[in-house]
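Going by the working numbering, the first residue of the sequence shown is number 632, and it counts up by one from there.
Quick reminder that beta carbons are idealized off the backbone N, C-alpha and C, glycines included.
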Amino acid sequence: MKNKILLSIMGLFLVGLGITMSITNHKWSQIRQVRKEVSRVNKQQKQVTTQVDNLQATYNASDEQAKNDLLAFAKAYYTFSSQSDYDQRFSQISDILSLSNDQKNQLFDSGLDATGGSRIDNLGLTSQYQTATGYTSDLDNQTIEVLATVIIQTSGTGQKAINQTVLLHSWFDTKTQKLTSIKINQIQ
């Protein structure tokens, strides 16, 4: 009888141990599954973080390039003291521009009057870039909007030099890395 009780207790103990091990194995299986999921999520998070970092680096580089290009445009565009200087403005910055022909012709006129004479030389017109501050807005469809406030000093024969403030409004294409449109507004 004692042996039967002992065998029964041993049997119950083995059954309990089996159930415990089965539950433990099931829990370990769940733990392994959770670890796999955590690992997968971590990998995805790293990929997303890398993509965001790459996009941010690209945007920041393009953002800075857009500002620098618009300021380079302003400096070249507003610095002349003769017809020869006036004529060379476009060639100095043509590599950073991708303007329509209409806009290019509007911005870079010949500087000649109706008789074919030089307005610049005849009137003694000069323009000197003084300073500028550039601003950019968010990236939108591979385009960055760029603004710059530019201070220039202008004068003519017999005229006192005056400072003028101009607002440049431009669009920068991040694929071509060029300014694609520029509008100029005088600020009074």
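The Cβ-Cβ distance between T805 and L770 falls below 8 Å. Taking each of Q678, S758, S812 in turn and checking the Cα distance to L728, the smallest one comes out for S812.
Cβ neighbours of T767 within its own chain (closer than 7 Å, five residues either side excluded): D694, A697, K698, I775, E776, V777.
Residue pairing from DSSP places L778 in a beta bridge opposite Y766, H800. With respect to the 8 Å criterion, A705 and A779 are classified as neighbours on the basis of their beta carbons. Non-local beta-carbon contacts of I724 in its own chain, meaning distances under 7 Å to residues more than five positions away in sequence, involve A703, F704, A707 in chain order. Around the beta carbon of L810, 16 or more other beta carbons lie within 10 angstroms, which makes this residue buried. Bounds of the alpha helix (DSSP H) holding L738 are 732-738. Between the alpha carbons of M641 and I650 lies a distance of about 14 Å. Contact between the stretch 669-685 and the stretch 730-742 is not established, with fewer than three Cβ pairs separated by less than 8 Å. With respect to the 8 Å criterion, T710 and Q759 are classified as neighbours on the basis of their beta carbons. DSSP, reduced to helix, strand and coil, places N816 within a strand of the structure shown. Its chain contains L702, A705, A779, V781 as the residues whose beta carbon lies nearer than 6 Å to that of A763, once the 5 sequence neighbours on both sides are disregarded; these appear in chain order. When secondary structure is reduced to three states using DSSP, S786 falls in the strand class.
For D716, the uninterrupted alpha helix (DSSP H) segment begins and ends at 714-724.
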